[in-house]
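Q: If you're matching positions, the sequence shown starts at 2 in my numbering and goes up one per residue.
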Amino acid sequence: MKYDYLVFIGRFQPVHLGHLKVIEEALALAGRVIVVCGSARQAVSPRNPFTLPEREAMLRAALPAEWQSRVFVVGCSDRMYNDQQWVTEVQNLVDKVIAVDTASLGHRAAEFRVGVVGSPPGNGRSRAGHYLDLFPQWQREQVEELSAIDAGRIRDALFDEDASRLTACRGDLPAAVYDWLLHFREREVFGQLLAEQRFLRAFRLSWAGAPYPPTFVTVDAVVIHSGHILLVRRRGMPGKGLWALPGGFVGQDEPIRDAVIRELKEETRLKVPAPVLAGSIRASRVFDHPQRSLRGRTITHAFLIELAPTGEGLPKVRGSDDADRAQWVPLFEFNRMEASLFEDHFYIVSWFLGQI
2 MKYDYLVFIG RFQPVHLGHL KVIEEALALA GRVIVVCGSA RQAVSPRNPF TLPEREAMLR
62 AALPAEWQSR VFVVGCSDRM YNDQQWVTEV QNLVDKVIAV DTASLGHRAA EFRVGVVGSP
122 PGNGRSRAGH YLDLFPQWQR EQVEELSAID AGRIRDALFD EDASRLTACR GDLPAAVYDW
182 LLHFREREVF GQLLAEQRFL RAFRLSWAGA PYPPTFVTVD AVVIHSGHIL LVRRRGMPGK
242 GLWALPGGFV GQDEPIRDAV IRELKEETRL KVPAPVLAGS IRASRVFDHP QRSLRGRTIT
302 HAFLIELAPT GEGLPKVRGS DDADRAQWVP LFEFNRMEAS LFEDHFYIVS WFLGQI
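#1: Is Lys-241 closer than 9 Å to Lys-272 when the C-beta atoms are compared?
#2: Can you name, in chain order, every residue of its own chain whose Cβ lies under 8 Å from the Cβ of Asp-161, other than the five neighbours on each side?
#3: What are the boundary residues of the alpha helix (DSSP H) that includes His-358?
#4: On a CA-only basis, which of Ala-222, Trp-139 and His-17 is nearest Val-261? Give me that one, please.
#5: Where does Gly-39 sit, in a helix, a strand or coil, going by DSSP?
#6: Let me know if Gly-312 comes out buried or exposed under the rule of 16 or more other beta-carbons within 10 Å of its beta-carbon.
#7: For Arg-126 and Cys-77, I'd like the C-alpha separation in whole angstroms.
#8: Taking only three categories from DSSP, how would you classify Asp-345?
#9: Which of helix, strand or coil does DSSP assign to Gly-280?
#10: Just how far apart, CA to CA, sit Ala-196 and Ala-327?
#11: I want to know whether the segment 39–47 touches the segment 17–25 - three or more CB-CB distances under 8 Å.
#12: Cβ atoms of Val-144 and Glu-67: under 9 Å apart, would you say?
#13: Report buried or exposed for Met-59, applying the criterion of at least 16 other Cβ atoms within 10 angstroms of its Cβ.
#14: Quick check: the segment 345–357 against the segment 244–261, are at least 3 beta-carbon pairs closer than 8 Å?
#15: Touching or not, the segment 302–310 and the segment 203–223, by the rule of three or more beta carbon pairs under 8 Å?
#16: Taking only three categories from DSSP, how would you classify Arg-126?
#17: What does the alpha-carbon distance come out to for the pair Phe-353 and Leu-315?
#18: How would you label Asp-134, buried or exposed, when you count the other beta carbons within 10 angstroms and need 16 or more for buried?
#19: Any idea if Gln-14 is buried or exposed, counting beta-carbon neighbours within 10 angstroms, 16 or more meaning buried?
#20: Going along the chain, which unbroken runs of the alpha helix (DSSP H) with 4 or more residues stay wholly within the segment 168–256?
#21: Can you give me the C-alpha to C-alpha distance between Leu-232 and Leu-106, rounded to a whole angstrom?
#22: From the DSSP output, which residues share a beta bridge with Gln-140?
#23: Does DSSP put Gln-85 in a helix, a strand or coil?
#24: Mind checking Gly-172: buried by the 16 CB within 10 Å criterion, or exposed?
#25: Return the chain-ordered ranges of every alpha helix (DSSP H) run that is complete within the segment 285–350 and spans a minimum of 4 residues.
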């Protein structure tokens, strides 16, 4: 074998025959393959409908018996605003897998031959080239994908009310995964995701007549007080029931700083005067990842507002407007809430906390 381990990074939403082809070719070159699933701790959505355990279940159901012990599955966060954090997490995951797998051998992970498998340069459908460039210590093995297979098309078919569209994708899926998806359509979570997909389609359709693709501008408030962060629970779609930063769309007639104070007050009824809030702004940053929102291109201006302790405890809050609940959450608890946060709000807060 050329390698002891090959690393295969992807989202696997869902697992399809293209993924199995890569794993097959990787196993011809390496003793083991470490599958790293992205978006592992995000809230489920029409773009990422399957949890990490569900994706591993799909993959395990599709793998031949003789491959099972040679394939490891781990999950990583997206870290979309900090490539180095993401790289560090992937490296740690790979090192841990190797350390556990070889514990009886007494060798360090660095002593093993590790490579990373991905698509050749110039593959327009994949950003794998960008990701793989972040791991110069691992030799790259290029594997041609099955270019006709598009996971986005499969997800669109999954969330179509006409089940025949999913049937049309059957040739792109392992038989076990196709059956798994049919059962998934019968679950309660599918109904919730289907309702959100309908909302998103209607939202995008409402802008279809615009002369140019729209770019939306929003604001988000990261309010910190005595080791707590202020969150709201979303009343409507998208992201109904998820926790989020107070915020919303910028009005046509208001400055961005005014918009964040207005949205904060409207959604939380925070018992702090607006001038005090404005004077407590400590930092701001634009978050503009092209895929940060399923509604379309949405650029948000986030503001860090640090409120000074007053001896009177946390200010009273109450959910209102687009929020059915507002709540102060201890920061140690927030750090475990990635799977219940809306869009990229977990990563926005993480960025600001790194600056404090």
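The beta-carbon is built from N, C-alpha and C at its ideal position, and this holds for glycine as well.
A: Let me spell this out:
#1: Against the sequence shown, residue 272 aligns to sequence position 271. Against the sequence shown, residue 241 aligns to sequence position 240. Not closer than 9 Å, so no.
#2: Start at 1 with the first residue of the sequence shown, and residue 161 comes out as number 160. The residues are Leu-167.
#3: Within the shown structure, residues of the chain are numbered from 2 to 357, placing residue 358 beyond reach of any answer.
#4: As a working note, residue 261 is residue 260 in the sequence shown. Taking only the C-alpha atoms, the option nearest Val-261 is Ala-222.
#5: Position 38 of the sequence shown, counting from 1, holds the residue named residue 39. Note: Gly-39 maps to coil in three-state DSSP.
#6: Numbered from its first residue, the sequence shown carries residue 312 at position 311. Exposed, since its Cβ has fewer than 16 Cβ neighbours within 10 Å.
#7: What you label residue 126 is simply residue 125 of the sequence shown in a count that begins at 1. What you label residue 77 is simply residue 76 of the sequence shown in a count that begins at 1. In this prediction, Arg-126 scores a pLDDT of 47, lower than 50, which makes its location untrustworthy; no coordinate-derived value is stated.
#8: Residue numbering aside, residue 345 sits at position 344 when the sequence shown is read from its first letter. Coil at Asp-345, not helix or strand.
#9: Locating residue 280 in the sequence shown gives position 279, counting from the first residue. Correct three-state label for Gly-280: helix.
#10: As a first step, residue 196 must be located in the sequence shown, where it is residue number 195. As a first step, residue 327 must be located in the sequence shown, where it is residue number 326. Roughly 24 Å separates the two Cα atoms.
#11: no
#12: Position 66 of the sequence shown, counted from the first residue, corresponds to residue 67. Position 143 of the sequence shown, counted from the first residue, corresponds to residue 144. It is not a contact, given that the beta carbons lie outside the stated cut-off.
#13: For this step, residue 59 is matched to residue 58 along the sequence shown. Burial call: buried.
#14: yes
#15: yes
#16: Residue 126 sits at position 125 when you count from the first residue of the sequence shown. In this prediction, Arg-126 scores a pLDDT of 47, lower than 50, which makes its location untrustworthy; no coordinate-derived value is stated.
#17: Locating residue 353 in the sequence shown gives position 352, where the first residue counts as 1. Locating residue 315 in the sequence shown gives position 314, where the first residue counts as 1. Taking the straight line from one Cα to the other gives about 20 Å.
#18: Along the sequence shown, read from residue 1 onward, the residue named residue 134 stands at position 133. Asp-134 is exposed by the Cβ-count criterion.
#19: To locate residue 14, count along the sequence shown from 1; it is residue 13. Counting Cβ neighbours within 10 Å, Gln-14 comes out buried, since at least 16 surround it.
#20: 176–185 and 189–207
#21: Locating residue 232 in the sequence shown gives position 231, counting from the first residue. Locating residue 106 in the sequence shown gives position 105, counting from the first residue. Going by the C-alpha atoms only, they are around 48 Å apart.
#22: The residue given as residue 140 occupies position 139 in the sequence shown. DSSP, once it has assigned bridges, lists Gly-116 as partnering Gln-140.
#23: Against the sequence shown, residue 85 aligns to sequence position 84. In this structure, Gln-85 counts as helix in the three-state DSSP scheme.
#24: Here residue 172 corresponds to residue number 171 of the sequence shown, with the count starting at 1. Exposed: under 16 other Cβ atoms inside 10 Å.
#25: 332–335
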